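**Q**
Numbering (the working numbering), first residue to last: 34 to 155.
(1) Please classify residue 40: is it buried, with 16 or more other beta-carbons within 10 angstroms of its beta-carbon, or exposed?
(2) Kindly indicate which three-state DSSP category residue 138 falls into: helix, strand or coil?
(3) Buried or exposed: residue 71, going by 16 or more other Cβ atoms within 10 Å of its Cβ?
(4) Using the Cβ count rule (16 or more neighbours within 10 Å means buried), how would you classify residue 73?
(5) Looking at the strands, I want to know which residues DSSP matches up with residue 112.
(6) Buried or exposed for residue 42, going by 16 or more other Cβ atoms inside 10 Å?
(7) Within 10 Å of its beta-carbon, does residue 47 have 16 or more other beta-carbons around it, so buried, or fewer, so exposed?
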């Protein structure tokens, strides 16, 4: 599927995304990769974990709760369709999303809850 530019996540969704580690191998970052290729790596670093991934997820949820933090999933991949249909998110769009999160202006945006993803998106 194709993600929106920014999704606001609940604590449970943060843990799910963190544990899933859904990412992509991209041409130019790994040998032999010529087209984007979906892959999974628990906590985005499974090979380097010293304890079980769920413990890291629990720690993350504890920190979010303790500090009252919001969490966002920023799409830095494809927009408007898959490979061959859509296009890669521009650096400018990605920077605008990150800036809105960091400066707090994203809190002024109205989000729409999409049930198929159970994420709140803008």
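Glycine residues also receive a C-beta, built at the ideal position from the N, C-alpha and C atoms.
Computed from a predicted model, the values in this text were never measured in an experiment.
**A** Result, derived from the coordinates:
(1) The sequence position of residue 40 within the chain shown is 7, counting from 1. Its Cβ being crowded by 16 or more others within 10 Å, residue 40 is buried.
(2) Counted from its first residue, the chain shown places residue 138 at position 105. Here residue 138 sits in helix by DSSP.
(3) As a first step, residue 71 must be located in the chain shown, where it is residue number 38. With fewer than 16 other Cβ atoms within 10 Å, it is exposed.
(4) On the chain shown, position 40 is the one that residue 73 refers to. It counts as exposed.
(5) For this step, residue 112 is matched to residue 79 along the chain shown. According to DSSP, which records beta bridges pairwise, residue 112 is partnered with 120.
(6) Within the chain shown, the letter at position 9 stands for residue 42. When all chains shown are included, residue 42 counts as buried.
(7) On the chain shown, position 14 is the one that residue 47 refers to. Flag for residue 47 reads buried.
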